[in-house]
Amino acid sequence: MCSRTDRITRTGRPRSIEADAAILEATRAALVELGWSKLTMGDVAGRAGVAKTTLYRRWANKSELVVDAVAVLFDELELPDLGSLQADIENVVLQFAALLERPETKTALMAVVAESTRDEPLRERIRASIVDRQKRLVLEGRIRAQRRGELPADRDPVAVDATDDLIFDVIAGAVVHRALVSAEPVDGPWVARLSALLVGGLGAAAAVG
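Take the sequence shown: its position 106, counted from the start at 1, is 106 in the numbering used here, and no numbers get skipped.
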């Protein structure tokens, strides 16, 4: 799925990657400094050095803008091949935790999630721009583990998709809750326990599927 920063304007004019990057960076900086309630499109435009109309040609409101500003940060997550499924999971969980420690990520994510409780289109945008895009990591990890022989080959595509969704929900839910709600460290020992739990559960899920 392509992000808004990959698209072109309605007139067919190519989008400026540099301008979009400056706008999204300015949005994150403004969020950290001002908070959600005081953030305005005008403030972001001033920080990015563009006209406010430029923002409105790309994003209908600040909710859309903030979602895209945080989505590009999540796109930085990678899944290097470390030789085993458990090691791969531990690595990406630690990356995720480090991302959540960044003030711009924490502020933006908490703001849009809170706002989305009363804004269904915003919730859908979060799902499409962040959640669905990051499920690629689960798919990549599963395929790699199958090639290593750590997981059996797919038998039921519907069951596999449901399991992938569950894995994503478990990882994202556990890390976000521990880091942002409980304010507990997502450190090596905790990540090792979570990864062991997931690997054991994947074997059970494969047997059920």
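We put the CB at the ideal spot given by N, CA and C, even for glycine.
With contacts defined as CB atoms closer than 8 Å, L99 and G141 fail to qualify as a contacting pair. For L166, the uninterrupted alpha helix (DSSP H) segment begins and ends at 157 to 176. Collapsing the DSSP output to three states places W190 in a helix. With respect to the 8 Å criterion, E78 and S195 are not classified as neighbours on the basis of their beta carbons. In its own chain, leaving out the 5 sequence neighbours on each side, no residue places its CB closer than 8 Å to the CB of R193. T163 counts as buried, since at least 16 other C-beta atoms from the protein chains shown sit within 10 angstroms of its C-beta. By the beta-carbon neighbour count (other beta carbons within 10 angstroms, threshold 16), V175 is buried. The alpha-carbon separation between A108 and I130 amounts to approximately 12 Å. Here the alpha carbons of P185 and V92 stand approximately 16 Å from one another. Between the segment 105 to 124 and the segment 58 to 76 there are three or more inter-stretch CB-CB distances shorter than 8 Å, so the stretches are counted as touching. Annotation: G200 to R102 spans about 31 Å, alpha carbon to alpha carbon. I167 and G35 have their alpha carbons spaced roughly 32 Å apart. For A172, there are no CB contacts under 7 Å within the same chain when 5 residues up- and downstream are skipped.
Here P185 carries a coil assignment [DSSP, helix/strand/coil].
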